[in-house]
DNA sequence: TTTAATATTCAAAGCGCTTTGGGTAGTGCA
DNA sequence: TGCACTACCCAAAGCGCTTTGAATATTAAA
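Protein chains in written order, with the working numbering: chain A, 1 to 342; chain B, 1 to 342.
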């Protein structure tokens, strides 16, 4: 069933039917009702491809999903997606995901835009001097970056969490508790958020005349296993840290395990602060020793970005171009005074 | 830059250029090369909406993502998506995700198909007598179900893990070890896989003249927290179980925590077997006490389903309509003989 | 009763691509 | 030389929708 058939059925022109369906004012109320009824009865659905071709709009927002066989999927991706999805669903947008090898993201973005399949693009997993930004600016498709790049001017639309501040504050708390040997279990080194978190910690330490020792830093994908290994490595050091920062509760999971296994008491012998993306699967308050965290909901961020993108596509109210969210520092039991004599 | 402009630039007809690009044989090799060069120089990309309209093909496979504000996202979804993505990327397909309220999946599927946005549909989160199956069978769009429904004939394309057998085998192992009081921490009650897993366990118990006690069953979303709570509840019973089955390593995570907290030794005082979806984030072999599991990769399943869908769309080789994968039972340290005197 | 608005409706022109149904040369063979 | 092929290329017809520019019917104002 297509427009033509439907309009013939009704004895109306395609124009009128189309207008009736799309809410244009110049249609008699009674006629519109007739059309609507016919739609219900016939189950007619406009063909989106044709709609797109005619309007130039796709009704969907695109994102590139870095993936490849052997490349670990990222838990955080799903959570973020849920946020995008919530907002998209509200406006009847769909998400077009282009699964792509992590090394070919730039090309994949360009392709996705050129395909005409999407009205806007969402960019994530930002790196230092990320080439995707210049590329997107040269096109006219709206986009919002989740996070911020580094080393290039921040003159593009983004939504980021103030990672530097979050880790600065967390580190300062540890310092105030008397910790001096602090370690960091971070995400992969090439991501901007990881760099910023590290900087935040380093700055807080520097403010107290201390430094983040090279051997007390771990950069790796955010899985339980990497958290565990990193913590084990730290604990084996000649001068092991008395406190550790984790870039994710998933990393913290492994770290806590290593701590337990070493017979140390979390919050007493060693303190831990994790960044909490609010993964429903893993809540910091439910750890055996509840975790002190810097919290910022990934899902909320996804949702907000989708809102911004859609409001731009549909030319609704103007939303801020750039947003920097503060993470909340929530103190629970995993942090305590530095053990004496260390 | 569109086909028309490109063909004018080359002094060729749109037909020829189109054919050159799509690999049709009736084009002079030299001409084709000229076209290809021009494409490279101009950066021309065919408009997908137009392609779709003309071919009737969308170049993408669709899925409905159940989501709503306040509705927890599911870790397993992301992992599955990665699998779909791997295969999709290989054939230059994209994924169209329609985020939908969990109660409106049927309507969302119908809409997604009718939109012409997708060439095939992937169905998951199967329930008992799932209405989506009849609906999809009435349409002519290819689809593959991940899992199987229950209570209706299995006469549709699916890929499922033999959940009944997996939990049957796991339970039998526990019985062989002398356990008689066995508990089950399962996924939400309305999902077919959860029902099958329960049945598997019940059957194995019945074979030994035992039963799964009602108070030893927990149905809930698969998060750490639910695993923890369930285990705590079990341990508080008058006659607590000596072994527990978990439907996910995420649930096991919480369960193990409760076990530790109760001062019990996993694999000695209490045994645990979890179903392992091979989430990179959380590996059973890395638990403090490595977990005995029934293993079946979610990602591999996703990938395989995408392959099947695509081969059907593109009319490549015929792949099996129905597949039932066996889960491997992998014994690690979390299972041991039932404690004496219990 | 006219005339000017206003309210409805329509025919037709695209949107950019694929594909059908011819054409036109050039080649080999009788 | 004539004929059947083959190789290559083209014009034009859609795909199903939106939107422009007009036409027609209705109503209000003069």
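Cβ coordinates follow ideal geometry from the N, Cα and C atoms, glycine included. Everything numeric in this text was worked out from a predicted model, so none of it was measured.
For residue 261(A), at least one C-beta of chain B is nearer than 8 Å to its own C-beta. Interface annotation, residue 132(A): not in contact with chain B, CB-CB separation never under 8 Å.
For residue 217(A), same chain residues with a beta-carbon under 6 Å away, outside a window of 5 residues either side, are 184 in chain order. Assigned with DSSP and collapsed to three states, residue 178(A) falls in coil, not helix or strand. For residue 152(A), not one C-beta of chain B is nearer than 8 Å to its own C-beta.
Taking the Cα positions, residue 323(B) is about 19 Å away from residue 191(B). For residue 156(B), the number of other beta carbons within 10 angstroms of its own is at least 16, and it is reported as buried.
Proximity of the region 66 to 76 of chain B to the region 46 to 57 of chain B falls short of the contact definition, fewer than three beta-carbon pairs being nearer than 8 Å. DSSP, reduced to helix, strand and coil, places residue 217(A) within a strand of the structure shown.
Membership of residue 99(B) in the beta strand (DSSP E) is indicated by the continuous run 94 to 100. Annotation: residue 130(A) to residue 338(A) spans about 39 Å, alpha carbon to alpha carbon. At a cut-off of 8 Å between C-beta atoms, residue 111(A) counts as an interface residue with respect to chain B. Residue 15(B) and residue 54(B) have their C-alpha atoms roughly 13 Å apart. Rounded to the nearest angstrom, the gap between the Cα atoms of residue 288(A) and residue 187(A) is 24 Å. Under DSSP, the beta-bridge partners assigned to residue 191(A) are 127(A). When beta bridges are read from the DSSP output, residue 60(A) appears opposite 94(A).
The alpha-carbon separation between residue 264(B) and residue 231(B) amounts to approximately 12 Å. By the Cβ-count criterion, residue 267(B) is buried, with 16 or more other Cβ atoms from all chains shown falling within 10 Å of its own Cβ. For the pair of segments examined, the region 21 to 35 of chain A was found not to touch the region 289 to 303 of chain A: the number of CB pairs separated by less than 8 Å stays below three.
By the Cβ test, the region 78 to 96 of chain A is in contact with the region 96 to 107 of chain B, since at least three Cβ pairs between them sit closer than 8 Å. Around the beta carbon of residue 331(A), a 10 Å sphere encloses fewer than 16 other beta carbons of the protein chains shown; the residue is thus reported as exposed.
Within the region 232 to 312 of chain B, the complete alpha helix (DSSP H) segments of 4 residues or longer fall at 249 to 261, listed in chain order. Straight-line spacing of the CA atoms in residue 285(B) and residue 255(A) works out to 15 Å. Residues of the same chain with a CB within less than 7 Å of the CB of residue 269(A), apart from the 5 flanking positions on each side, are 339 in chain order. Only residues of its own chain outside the window of five on either side were considered, and among them 131, 132, 135 have a CB closer than 7 Å to the CB of residue 106(B), listed in chain order.
Below the 7 Å Cβ cutoff, chain A contributes 86 as neighbours of residue 69(B), in chain order. With a cut-off of 8 Å on Cβ pairs, the region 242 to 251 of chain B is not in contact with the region 310 to 322 of chain B, counting fewer than three such pairs. Not one beta carbon of chain B lies nearer than 8 Å to the beta carbon of residue 310(A). Think of a sphere of 9 Å around the beta carbon of residue 283(B): the chain A residues whose beta carbon falls inside it are 223, 224, 225, in chain order. Looking at the DSSP output, residue 330(A) bridges to 293(A). Distance from the Cα of residue 138(A) is smallest, within the candidate group 260(A), 93(A), 109(A), 201(A), for 109(A).
Secondary structure at residue 317(B): coil, using DSSP grouped into helix, strand and coil. Excluding its 5 nearest sequence neighbours in each direction, residue 312(A) has C-beta neighbours in its own chain below 6 Å: 142, listed in chain order.
Within 10 angstroms of the beta-carbon of residue 1(A) lie fewer than 16 other beta-carbons, which makes it exposed.
Taking a Cβ-Cβ threshold of 7 Å, the residues of chain A close to residue 52(B) are 49, in chain order. Only buried fits residue 65(A), as 16 or more other CB atoms lie within 10 angstroms of its CB.
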